[in-house]
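In my numbering, the protein residues as written are 5 to 616.
Worksheet: the structure to be examined is printed underneath.
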Ligand code: F6R
């Protein structure tokens, strides 16, 4: 979703801004633009529909000088993707330029009001309304820019992260946020701005994450100033980020998605590092909040998309090991249906980006109803990480590919660690079982490496199935959410329609779809459900469906019936999702590559869904 970059300092701003926009490309966008103030005091805005390279083409014969600038990648919400609707937007006098992430919900009312007072608009966006409002207040109330921004933001309903240039005051950028992330990088007499830290970390590791309704004023030669919208001065909390540049580059892989699939063994090690000792699983969240977590009467997991699938696995883990009832809710549904939640409940919010608007809103609602909130996030310092009472980071490093891969296995791992630690506190697990799960969990990174060896085989078989218009994915127990996740990955990046089902449900409907054109991916590992899954496979074969079976190594039965077989190392049933997911990620990846699709930035999707 939209990306923000800004620079104020002594270097040429344009290359920093363009590089920053490229680092944010993973968020998904449809147009891009840049505003620069040059040494003559002119403010130039250049915009293009399409990719950042299209913007570079537009700029190739333009004046791109200047040591201050803001730049943006837009993901259309109000008005079609076009150069006119792309950001930055001028105010009517062209003194101000703004970039904005988020949605101004009452923009129509404000626009009507401004039009009635003679203000002219050139775009269809809610963003232009905001810059015109700021200028109107500045001119008519004769206020300085900071105060005008504060007054304007008090009138605004919705979400925003904004950055504002004023050509009459070229040594300054004003930025503000509410419910949309914004990070300020502090260098040596220079400032950087980003919607996340990725455009900044190349230059400085000192950052300030703005809080909701905070406004930052960056001025050359001065310290960063932060106020809230009521002009109360605040002390910026300068933090040191620990992200290595290599983590956000492709490292020799053709796509981020493949790199991230292959990173999973290392990611899992990082996720478990320092959390498993001789004494067992130690999570600081549980040490610090034992009372609330171990005595919870119920867990409610809220999440979206892939994170919701991880939540379904979390439900089985928590119920199995801790004997606490767990509900799993789409955050988008939960937030709008007045759910029955109270102080005895613990709400677990799962989000890779930590910025998903629906999940944030679900947290807010659950908090209002008195629930204790535990977050599972990847992005450090993200809005969700800060909105929760406690939580555990998955520590899998920045995920750039839009389709989530390593975050999913990281989330499942944290849910497993949480289940084990709570089960021990609640004495609902035997010592023997606990030690066995921990022992096998520690072996998962090596087992994942083994699974990744199927990459070539999956690449070959993917070519056979590019013809398909539909795919079915089946699994039972822990493998049912894995089936859902496999189907989601395929549809997201290859645009092939795919559905995931609990295998036993097949005969209640989906079996009607099966014919010789229908590929069916079945997770048929050697566990308690094996015989039942075997029957499902026979039912599919009887109807000439094409079976791609994910089986446990040395399975001699299914390998004779299925059309294609992918083997996994043997492990405990509760750990199978961590392994079985990998061939499904690879299948989706290779089918999409064979079909020539944009794997890292699939159409219509955004990495971080910060609007409803
Ligand atoms: C799927 C995918 C999405 C996200 C969903 C939630 O590959 O990436 O379904 O899982 O938008 O995002 P987070 O986890 O950032 O809250």
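Think of the CB as a built atom: it goes at the ideal place given N, C-alpha and C, for glycine as much as any other residue.
heavy atom of ligand 1 below 6 Å from residue i C-beta
i           : result
residue 356 : yes
residue 613 : yes
residue 392 : no
residue 585 : no
residue 309 : yes
residue 365 : no
residue 408 : yes
residue 291 : no
Secondary structure of residue i, DSSP reduced to three states
i           : result
residue 557 : coil
residue 234 : coil
residue 423 : helix
residue 581 : helix
residue 615 : coil
residue 328 : coil
residue 271 : helix
residue 567 : coil
residue 464 : helix
residue 602 : coil
residue 100 : strand
residue 51  : strand
residue 338 : helix
residue 222 : strand
residue 503 : strand
residue 477 : strand
Between the CA atoms of residue j and residue i - distance to the nearest angstrom
i           : j           : result
residue 435 : residue 216 : 45 Å
residue 594 : residue 525 : 15 Å
residue 181 : residue 591 : 39 Å
residue 274 : residue 580 : 19 Å
residue 161 : residue 606 : 31 Å
residue 372 : residue 453 : 44 Å
residue 280 : residue 248 : 24 Å
residue 144 : residue 135 : 14 Å
residue 430 : residue 14  : 58 Å
residue 476 : residue 574 : 24 Å
residue 106 : residue 87  : 18 Å
residue 228 : residue 221 : 6 Å
residue 587 : residue 494 : 12 Å
residue 276 : residue 417 : 8 Å
residue 297 : residue 366 : 19 Å
residue 139 : residue 213 : 26 Å
residue 267 : residue 340 : 37 Å
residue 207 : residue 469 : 45 Å
residue 620 : residue 456 : The first residue shown for the chain is 5 and the last is 616, placing residue 620 beyond what the model contains.
residue 426 : residue 278 : 17 Å
residue 198 : residue 377 : 28 Å
residue 58  : residue 99  : 26 Å
residue 472 : residue 233 : 54 Å
residue 148 : residue 80  : 31 Å
Closest Cα partner of residue i within the set the options
i           : options               : result
residue 334 : 406, 398, 343 and 123 : 343
residue 488 : 84, 196, 410 and 312  : 312
residue 64  : 78, 328, 19 and 97    : 19
residue 263 : 158, 403, 374 and 309 : 403
residue 288 : 551, 379 and 228      : 379
residue 224 : 174, 238 and 467      : 174
residue 486 : 36, 314 and 189       : 314
residue 205 : 214, 190 and 219      : 190
residue 432 : 299, 110 and 588      : 299
residue 551 : 22, 308, 564 and 557  : 564
residue 43  : 484, 245, 534 and 171 : 171
residue 496 : 295, 158, 419 and 604 : 604
residue 72  : 82, 39, 85 and 84     : 39
residue 304 : 316, 527 and 614      : 316
residue 642 : 243, 69, 163 and 90   : Residue 642 cannot be examined here, being either before or after the span of the chain that is shown, 5 to 616.
residue 622 : 415, 126 and 75       : Not covered by the structure: residue 622. The range shown for the chain is 5 to 616.
residue 265 : 103, 471, 35 and 406  : 406
residue 62  : 578, 557, 129 and 37  : 37
Residue i beta carbon near ligand 3 (any heavy atom closer than 6 Å)
i           : result
residue 360 : Questions concerning ligand 3 fall outside what the structure shown contains, since the ligands it does hold are ligand 1.
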